[in-house]
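For reference, the structure is listed below as structure tokens.
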Amino acid sequence: MKIIIAPDPMLREVCAPVEVGDKSIKKLSRQMLREMYKADGVGLAAPQVGILKRFLVFDTDWVVEDEDGNYLPRNPHVLVNPEITDHPEEKVAGSEGCLSVPGLSVEIERYDQITVQGMNEDFEEIEVRAEGLAARCLQHELDHLDGLTLFERLDPVARMSALKEYNEILAQAEAS
5 MKIIIAPDPM
15 LREVCAPVEV
25 GDKSIKKLSR
35 QMLREMYKAD
45 GVGLAAPQVG
55 ILKRFLVFDT
65 DWVVEDEDGN
75 YLPRNPHVLV
85 NPEITDHPEE
95 KVAGSEGCLS
105 VPGLSVEIER
115 YDQITVQGMN
125 EDFEEIEVRA
135 EGLAARCLQH
145 ELDHLDGLTL
155 FERLDPVARM
165 SALKEYNEIL
175 AQAEAS
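Letter by letter, the sequence shown follows residues 5 to 180 of this note's numbering.
Written out as structure tokens, the structure reads:
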């Protein structure tokens, strides 16, 4: 399993709902969590690893636990067929990066609190109330399920600037 990097067209695909009882979800979500942790991320959506199904993993509660400063998982979550069911009216700006857009960080407006309904990896109905980083992370990963990257959340001027910066990052990576 490998994280797909923009501008791969797979990141623009809208994902199909997961069929209840899909036995592959447990194994895939464990693999996705390993990839997310390995990449020092806090969230990863299925299309970011080439799976066009509506599920994601996240863990915004990492803690440093060893003498080398390695982050270890503390509170991993799997959300299948998630949907935002509640949020405040106002959004707040915050810095955001993406494992599929390495090296770039941009300001994006998101709700600071959300409620998400979906299922866990055992297909039990769950509700997640998130705020702060967890709310931002979930909205970001839900965007991936709808074929949106952080570029689509920017106004046209900011988008052009971010794309220029990202292309420079890609060119530097190729040169080294």
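Just so it is clear, CB atoms sit at the ideal spot from N, CA and C, and this is done for glycine as well.
In the DSSP assignment, find the unbroken beta strand (DSSP E) run with residue i in it and report its ends.
| i | result |
| --- | --- |
| Gln121 | 117-123 |
| Leu60 | 59-62 |
| Asp90 | 81-90 |
| Val105 | 105-114 |
| Val24 | No beta strand (DSSP E) holds Val24; DSSP gives it neither H nor E. |
| Val132 | 129-135 |
| Leu48 | 47-49 |
Check residue i in the structure and name its three-state DSSP category.
| i | result |
| --- | --- |
| Val18 | coil |
| Asp150 | coil |
| Arg157 | helix |
| Arg140 | helix |
| Val96 | strand |
| Ala10 | coil |
So residue i and residue j are supposed to be a Cβ contact under 8 angstroms. How far apart are they, rounded?
| i | j | result |
| --- | --- | --- |
| Glu131 | Thr119 | 6 angstroms |
| Glu145 | Val84 | Actually they are not in contact, since the Cβ atoms of Glu145 and Val84 sit about 12 angstroms apart, beyond 8 angstroms. |
| Glu135 | Asp116 | 6 angstroms |
| Lys95 | Arg114 | 6 angstroms |
| Thr64 | Cys141 | 5 angstroms |
Can you tell me whether residue i sits near the ligand SAM, meaning its C-beta is under 7 angstroms from at least one heavy atom of the ligand?
| i | result |
| --- | --- |
| Cys141 | For the structure depicted, the ligand SAM is absent and the ligand set is empty, with no information on it obtainable. |
Who are the near neighbours of residue i in its chain, counting only those whose CB is closer than 7 angstroms to its CB and skipping five residues on each side?
| i | result |
| --- | --- |
| Leu32 | Ile55 |
| Lys57 | Cys19, Ala20, Val22, Ala50 |
| Ala166 | Leu108, Val110, Phe155, Leu158 |
| Glu169 | Leu108 |
| Val82 | Ser33, Phe59, Val61, Asn124, Glu125 |
Where does the unbroken alpha helix (DSSP H) through residue i begin, and where does it stop?
| i | result |
| --- | --- |
| Val161 | 160-179 |
| Ser28 | 28-42 |
For residue i, which residues in the same chain have their Cβ closer than 8 angstroms to its Cβ, ignoring the five residues on either side in sequence?
| i | result |
| --- | --- |
| Glu111 | Ala97, Gly98, Ser99, Glu100, Ala162 |
| Glu17 | Pro51, Leu56, Gly151 |
| Leu15 | Ile8, Pro51, Gln52, Ser104, His148, Gly151, Thr153 |
| Ile173 | Pro106, Gly107, Leu108 |
Please return the same chain residues whose Cβ sits closer than 6 angstroms to the Cβ of residue i, not counting the five positions on each side in sequence.
| i | result |
| --- | --- |
| Leu103 | Ile7, Ala43, Gly45 |
| Leu37 | Val61, Pro80 |
| Met5 | Gln35, Glu39, Val53 |
| Lys30 | Glu125 |
| Val24 | Phe127 |
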